[in-house]
Amino acid sequence: MSRLNELRSQTGALIEDPNFRRYHVPGGPVPMTRPTRRHDPLRVCAWPPFLSALAVALACALTVPLSASSQTRSAARISEETRVIDTYPFSEPDPIPILVSDARLYPYHAFRGYSATSEPREWKVVKLENDLIEVFVLPEAGGKVWGAVVKETGHEFIYRNEVMKFRDIALRGPWTSGGIEFNFGVIGHTPATATPVDYLVRENPDGSVSCFVGAMDLPSRTHWRVEIRLPPDRGYFETRALWYNPTPLEQPYYNWMTAAAFAQDDLELYVPGGSYLEHSGRERPWPEDEAGRFLPLYRNNRFGGHKSYHVVGELNDFFGGYYHDDGYGWGHWARYEEMPGQKMWLWALSRQGGVWEDLLTDTDGQYVEFQAGRLFVQYSPGEHVNPVTQAAFDPLSASAWTETWFPLEGTGGLSDASREGAMHVELGDSVLRVVVNAFGDVTDTLRIWAGEHLIENSVVDLVALEPFEVMIFHVASDPPVRVQLPGLDLDYTTGSRDRALSRPFETDPSAWASIPEADRLVYQARELAKGRRYGEARALFEEAAGQEPWNRGALLGLADLALRSARYEEGLEHARRALQLDTYDAAANFVAGNLYRALGRDMDARDAFGWSARAVAFRAASYVRLGEVMVGAG
């Protein structure tokens, strides 16, 4: 049965005009009278003959009362409680330092023992709630968001695992699935993920509530803080991250926010892009792979092993997923400039992945992870040559960003999203269907164009998380259709490639061979150092210096590694050789200033930092170090 005939059978008599039909789609409250339109609806049919095929019939489900925009939401609430949760515990720390097994993580200890049986244990739970959603936080398990639920429907838009079933997965061992995990440091599940972190709860003057969680990453001495904030009148929550490197040294830069959602055959992923990257940076096609499989459909991934899709190729601020049978979904929004990384992780849809369902949960079933990151990919070097590399955290610098996590209710999918709402647009069989979720109660203007012709322009009242649906018939796929709600900052055009990016993820095969061998060694050593593999990096820097004793990169790399290991005189020798090549070299002056400072040679340190401060890249850090020298001098 066609959608039109199906709706005819459900709604009965329609308005007699065959080109303009409006009716309520069953499933929501009885529709009220539509607000005054900005144009006569019948005039949309008076188009030039070449557009006559776009004559429309509008079907509108007004799921809000006229007073919706004046509804008052109560302030958000925050509370702390102790809950008894079935827990599969892990052992005491291994007394053998982790330095033996993974020097990147020293001075942490690892945990080696895991229980096969559960026991009831008490856990501190922080609950944030407003009239729309509930969010749960576990400050004793890395500060992770435990889960998030839409109150009216009970839909979990952040998967909550009802048991704490620790297994050997994280960097130092214990890890539990579900929620949102905050990862900072080097690649892998953060060392803090299973242990208590600092936390603070707060009621804010604007009616919102916040739970702050954070810790220090011991190997790098960097500090991370995440504010989990719930507004009083919005159907979403935010995470506001602050990450600070207080050291005068470059540190590894790795951050991914790892969220979980239910894995179901009706799940479709909505991750805009034209390709995806493997962990090595190798580029593969998306959304269809080389075999023609449409990968965003979860059930189409029944091949091979576990899946990591780092999707790239479009400048978009959102991604998410939708359960077509259950009629709800989830999404993430952040400025692309702040969080360009959009990754989907799927356990293998075979026994290889199924065994982990039993290992990680008791009754909640399999999950997928939707992960947002500060980088394109969770980089792990491979044989494939490409421009993806490790990243570095600049000395004495900070990063801050905000992310929004939201549910989808009855939208049918996800075409566009903002901090204020989400929208799905479908155009097929000459029927245009638009479903909108506002995240707060709002009055907005819905505008729809077919090519250059405005075919809908009306004021609409929207209630938070209640689907607002519009259907227009006799709409051709060409010219493109544009749907806009400016108040919600939603704007979508069918078939548009305006947001497609041209960034290359392939390297010319001749490029690597054309670089001198000493410079290749320095490049490889720098990558190792950014991954906190200092011993291996030192060996390559020394090999490069053996080939070219005056290689600037090798000299600066050796000076930096000497500074890290308190071999100050040795480091200064390398830094002074670099300064003999260029006395104004900002990087050489900065590392020399740090070495002079460590040796107590304050006049030389002031001289070096003064020159490094002239370069924008080192200016802030150099002035901080100059200030420390001056304070120390009294």
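Residue numbers for the sequence shown follow the numbering used here, so the first one is 31 and each next one is one higher. Each residue gets a CB set at the ideal place from its N, CA and C atoms; glycine is no exception.
Using 10 angstroms around the beta-carbon of residue i, count the other beta-carbons present and answer buried if the total reaches 16, otherwise exposed.
| i | result |
| --- | --- |
| Asp228 | exposed |
| Asp347 | buried |
| His185 | buried |
| Val552 | buried |
| His483 | exposed |
| Ile258 | buried |
| Tyr614 | exposed |
| Phe267 | buried |
| Asp459 | exposed |
| Gly576 | exposed |
| Ile485 | buried |
| Ala651 | buried |
| Trp435 | buried |
| Glu450 | buried |
| Arg333 | It should be noted that the sequence gives Phe, not Arg, for residue 333. Exposed is the call here. |
| Gly601 | buried |
| Arg381 | exposed |
| Thr223 | buried |
| Asp612 | exposed |
| Trp641 | buried |
| Val646 | exposed |
Excluding the five sequence neighbours on either side, which residues of its own chain have a C-beta within less than 6 Å of the C-beta of residue i, listed in chain order?
| i | result |
| --- | --- |
| Leu261 | Looking at the sequence itself, residue 261 is Pro, so the reference to Leu does not match. The answer, listed in chain order, is Ser238. |
| His414 | Ser310 and Arg312 |
| Glu159 | Arg107 |
| Ala548 | Ala574, Gln577, Glu578 and Asn581 |
| Tyr522 | Ser445, Asp446, Val455 and Val513 |
| Phe571 | Ala555, Ala584, Gly587 and Leu588 |
| Arg113 | Trp153 and Val155 |
| Ala83 | Caution applies to Ala83, whose pLDDT of 36 falls short of 50 and renders its modelled position unreliable; the value that the coordinates give is listed next. These residues qualify, in order along the chain: Ala506. |
| Leu629 | Tyr598 |
| Pro539 | none |
| Val60 | Caution applies to Val60, whose pLDDT of 29 falls short of 50 and renders its modelled position unreliable; the model cannot decide the point. |
By Cβ distance below 7 Å, which residues in the same chain neighbour residue i in space, the five residues on each side in sequence not counted?
| i | result |
| --- | --- |
| Trp386 | Trp377 |
| Ala635 | Gly623, Tyr626, Arg627 and Val659 |
| Gly177 | Phe166, Glu186, Ile188, Tyr189, Arg190, Gly208 and Gly209 |
| Tyr564 | Leu591 and Arg594 |
| Ser100 | Legend: pLDDT at Ser100 = 44, less than 50; position of this residue unreliable, no value from coordinates given. |
| Phe406 | Leu307, His340, Val342, Pro370, Gly371 and Val418 |
| His219 | Ile199, Ala200, Leu201, Trp205, Glu211 and Asn213 |
| Pro509 | Ala480 and Gly481 |
| Ser148 | Asp116, Thr117, Tyr118 and Val193 |
| Gly303 | Trp316, Val341, Val342, Gly343 and Glu344 |
In the DSSP assignment, what are the bridge partners of residue i?
| i | result |
| --- | --- |
| Ser544 | None; Ser544 has no bridge partner. |
| His362 | Phe349 and Trp435 |
| Thr475 | Val489 |
| Arg463 | Glu456 and Met501 |
| His483 | Ala480 |
| Arg259 | Ser240 and Glu268 |
| Tyr144 | Phe120 |
| Arg232 | Ser240 |
| Tyr553 | DSSP lists no partner for Tyr553. |
| Ile115 | Arg151 |
| Glu6 | Coverage of the chain is limited to positions 31 through 664, which leaves residue 6 absent and any answer about it impossible. |
| Met194 | Thr117 |
| Ala106 | Paired residues: none, contrary to the question. |
Go through its chain and collect everything with a Cβ distance to residue i's Cβ below 8 Å, but skip five positions before and after it.
| i | result |
| --- | --- |
| Ala663 | Asp632 |
| Arg314 | Ser305, Tyr306, Leu307, Glu308 and Glu320 |
| Glu318 | Phe324 and Leu325 |
| Leu609 | Asp615, Ala618, Asn619 and Ala622 |
| Asn330 | Arg323 and Phe324 |
| Gly657 | none |
| Leu586 | His604, Ala605, Ala608, Ala617, Ala618 and Val621 |
| Asp392 | Asp116, Ser148, Glu192, Val193 and Lys195 |
| Asp474 | Ala468, Val489, Val490, Leu492, Leu515, Pro516, Gly517 and Leu518 |
I want to see whether chain C comes within less than 8 Å of residue i, judged by CB atoms only; does it?
| i | result |
| --- | --- |
| Lys174 | Of the chains in the structure shown, none is chain C; there is only one protein chain. |
Does the Cβ of residue i lie closer than 7 Å to at least one heavy atom of the ligand FAD?
| i | result |
| --- | --- |
| Ser445 | With respect to the ligand FAD, the structure offers nothing, as it holds no ligand at all. |
With residue i and residue j assumed to form a contact (beta carbons below 8 Å), what rounded beta-carbon distance in angstroms separates them?
| i | j | result |
| --- | --- | --- |
| Ser448 | Leu520 | 6 Å |
| Ala364 | Trp431 | 7 Å |
| Leu135 | Ile126 | Incorrect: roughly 13 Å between the Cβ atoms, too far for contact. |
| Gly203 | Ala140 | 5 Å |
- If we count Cβ pairs, one from each stretch, closer than 8 Å, do we get three or more for the region 117-125 versus the region 266-285? The region 266-285 and the region 117-125 do not touch, with fewer than three beta-carbon pairs separated by less than 8 Å.
- Message: Tell me whether the region 195-206 and the region 233-250 touch, counting them as touching only if at least three CB pairs, one residue from each stretch, are closer than 8 Å.
- Response: Touching, no.
- Query: Just checking, does the region 460-471 make contact with the region 489-507 on the three C-beta pairs under 8 Å criterion?
  - Reply: Contact holds: three or more Cβ-Cβ distances are below 8 Å.
- Message: Can you confirm whether the region 360-370 touches the region 402-414 when touching is taken to mean that 3 or more C-beta pairs between the two stretches lie within less than 8 Å?
- Response: Cβ pair count under 8 Å is three or more, so yes.
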